[in-house]
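Colleague: Quick one: the structure is below, and I'll ask about it shortly.
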Amino acid sequence: MRHTICLTLLSALISLTGCTPSPGQSPSPVPESSPSAAQAAQGQVTTLAGTGSYGFAEGPDAMFYHPSSVIVTPNNQILLLDRYNHRVRKISADGNASTLWGDGEHGNRDGGPGTGLLNHPIQLLGLSNGDLLIADAQNHTIRRLSPAGQLSTFAGSHDGFRDGEALEAQFNWPSDLIADADGNLYLTDRYNHALRKIAPDGKVSTLAGNGSPGYEEGQGKNAQFNEPMGLTLGTDQHLYVADAKNNVIRRVSLSGAVTTFAGSGQPGSREDSRLNAEFREPSALVFGPDGTLYVCDRFNHRIRSISPAGQVTTLAGNGKAARHDGAGEQAAFSFPYDLSFDQAGNLLVADYGNHSLRKITL
12 MRHTICLTLL SALISLTGCT PSPGQSPSPV PESSPSAAQA AQGQVTTLAG TGSYGFAEGP
72 DAMFYHPSSV IVTPNNQILL LDRYNHRVRK ISADGNASTL WGDGEHGNRD GGPGTGLLNH
132 PIQLLGLSNG DLLIADAQNH TIRRLSPAGQ LSTFAGSHDG FRDGEALEAQ FNWPSDLIAD
192 ADGNLYLTDR YNHALRKIAP DGKVSTLAGN GSPGYEEGQG KNAQFNEPMG LTLGTDQHLY
252 VADAKNNVIR RVSLSGAVTT FAGSGQPGSR EDSRLNAEFR EPSALVFGPD GTLYVCDRFN
312 HRIRSISPAG QVTTLAGNGK AARHDGAGEQ AAFSFPYDLS FDQAGNLLVA DYGNHSLRKI
372 TL
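Number 373 marks the last residue of the sequence shown (the numbering used here); no jumps.
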């Protein structure tokens with residue numbers, strides 16, 4: 012998910028000229044908040060927002076419809092992507108929800124508030140200039156949302172598999188996105204079974220994967236994924252990919268060399284050393300300050316952790332699709348989809364099946 016990224020030369024030039032980047036150019040993303048490394052994981056789960064029923068409502072009794080992404084901005088705003096409501100929601104520290112953008116209509120149209128349309132958006136990435144990038148899954152595009160509420164198309168045209176200029180390239184259900192220190196944007200292209208790259212000049216290329224589902228390690232297009240979803244960048248300057256249908260976590264160099272980082276490939280919930288452990292369609296990843304990798308183990312209804320020593324354990328959730336607060340395995344989730352740290356060092360979880368935002372105290 013979100014990591015600290017330095018300003019790129021492109022961003023500096025944008026700042027000097029006072030211009031907005033053209034479609035496909037990559038400004039730097041918002042730094043991720045770093046929780047204290049001294050905090051020990053306790054796994055106490057509470058519900059921050061959402062009644063557990065799907066719908067749309069604002070205020071303290073907020074309702075969502077399959078939330079799929081959560082991020083925290085530098086000014087400590089929690090943003091939740093309300094996927095089936097086609098909205099970006101804002102959540103206060105006490106759980107009050109309001110709408111930042113969207114009116115519930117869906118489609119594919121650029122424009123300002125009340126004009127622009129998304130179609131089942133699935134992931135958010137915050138940028139240092141206040142813009143948001145949105146993986147607009149069913150439009151097969153990456154959209155840009157300005158602080159003034161102007162929605163534009165950043166990359167992609169329609170479903171397909173094509174490299175090239177940003178607005179001519181084709182994706183098939185872009186699912187997650189992250190940027191590196193040089194301003195390159197990476198995204199998981201789920202139904203193209205590929206990892207794509209958008210350079211600062213807007214050129215789209217395929218970093219790894221070849222459009223066919225499979226499970227192969229290797230370089231670039233010799234490697235295969237099966238519905239890659241979650242994506243994060245480690246301090247080792249490698250990408251980590253939740254390879255959902257392969258039930259594993261992959262490690263990818265920035266030159267496109269793919270290996271398996273965790274998971275045996277068999278669906279299950281076994282806790283063990285990382286290559287012997289089991290996952291069931293993981294969907295999201297985020298690193299903690301001590302190098303622990305946290306995983307939304309979606310079809311196991313659990314939040315898992317992979318320690319720096321390589322041991323996989325369950326932080327919270329008991330394997331049953333339900334909605335309970337509590338510590339560790341006393342808590343229950345329903346298809347948890349995304350996770351991110353808040354500025355206090357807690358994990359926020361977009362609990363997709365429970366239409367809720369959950370918090371895990373660490």
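Beta carbons are placed, not taken as given, at the ideal position from N, Cα and C, and that holds for glycine.
Which residue wins for smallest C-alpha separation from P319, given the options R313, L304, R309?
Modeller: Answer by Cα proximity: L304.
Colleague: For the segment 265 to 319, list the beta strand (DSSP E) runs that are entirely contained and at least 3 residues long, ordered along the chain.
Modeller: Listed in chain order, they are 268 to 273, 293 to 298, 304 to 308, 313 to 317.
Colleague: Does the Cβ of S266 have 16 or more other Cβ atoms within 10 Å, making it buried, or fewer, making it exposed?
Modeller: Exposed.
Colleague: For D200, count neighbouring C-beta atoms within 10 Å of its own C-beta (all shown protein chains included) and say buried if the count is 16 or more, exposed if not.
Modeller: D200 should be labelled buried.
Colleague: Roughly how many angstroms separate the alpha carbons of R309 and S345, rounded to a whole number?
Modeller: Spanning the two alpha carbons is a distance of roughly 8 Å.
Colleague: Taking the alpha carbon of Y95 as the reference point, which residue from P85, Y76, S109, T110 has its own alpha carbon closest?
Modeller: That would be Y76, whose Cα lies nearest to the Cα of Y95.
Colleague: Quick one: what's got a C-beta closer than 7 Å to A148's C-beta in the same chain, skipping five residues either side?
Modeller: H131, P132, I133, W184, P185, S186, listed in sequence order.
Colleague: With G276 and N258 assumed to form a contact (beta carbons below 8 Å), what rounded beta-carbon distance in angstroms separates them?
Modeller: Yes, G276 and N258 are in contact; Cβ-Cβ is about 6 Å, under 8 Å.
Colleague: Quick check: the Cα distance between L128 and A343, rounded to an integer number of angstroms?
Modeller: In a straight line, the C-alpha of L128 is about 34 Å away from that of A343.
Colleague: Among residues of its own chain, excluding the 5 on either side of D114, which ones have a beta-carbon nearer than 7 Å to its beta-carbon?
Modeller: Cβ within range, chain order: G125.
Colleague: My output table needs one value for R94: the three-state DSSP class, helix, strand or coil.
Modeller: Here R94 sits in helix by DSSP.
Colleague: Hey, would you say C307 sits closer than 8 Å to D349, going by beta carbons?
Modeller: Contact: yes.
Colleague: I'd like the list of long-range same chain contacts for Q230, defined as Cβ closer than 7 Å, with 5 residues on each side in sequence excluded.
Modeller: For Q230, where only same-chain residues beyond five positions count, the Cβ hits under 7 Å are G267, A268.
Colleague: Could you check what DSSP says for Q36 in three-state terms: helix, strand or coil?
Modeller: Because Q36 carries a pLDDT of 43, less than 50, the predicted location of this residue cannot be relied on, and the following value inherits that uncertainty. Note: Q36 maps to coil in three-state DSSP.
Colleague: For E11, count the other beta carbons within 10 Å of its own beta carbon; 16 or more makes it buried, fewer makes it exposed. Which is it?
Modeller: In the structure displayed, the chain extends from 12 to 373; residue 11 sits before or after that span and is not available.
Colleague: Within the present structure, is the beta-carbon of H97 separated from the nearest heavy atom of the ligand HEM by less than 7 Å?
Modeller: Although the ligand HEM was asked about, the structure shown includes no ligands whatsoever.
Colleague: Measure the C-alpha to C-alpha separation of D254 and D362 and round it to an integer number of angstroms.
Modeller: So the two alpha carbons sit approximately 19 Å from each other.
Colleague: Between N119, G245, T152, which has its C-alpha nearest L135's C-alpha?
Modeller: Of the candidates N119, G245, T152, the one whose C-alpha sits nearest the C-alpha of L135 is T152.
Colleague: Can you round the beta-carbon distance between H366 and S64 to whole angstroms, since I take them to be within the 8 Å contact cut?
Modeller: 6 Å between Cβ atoms; contact.
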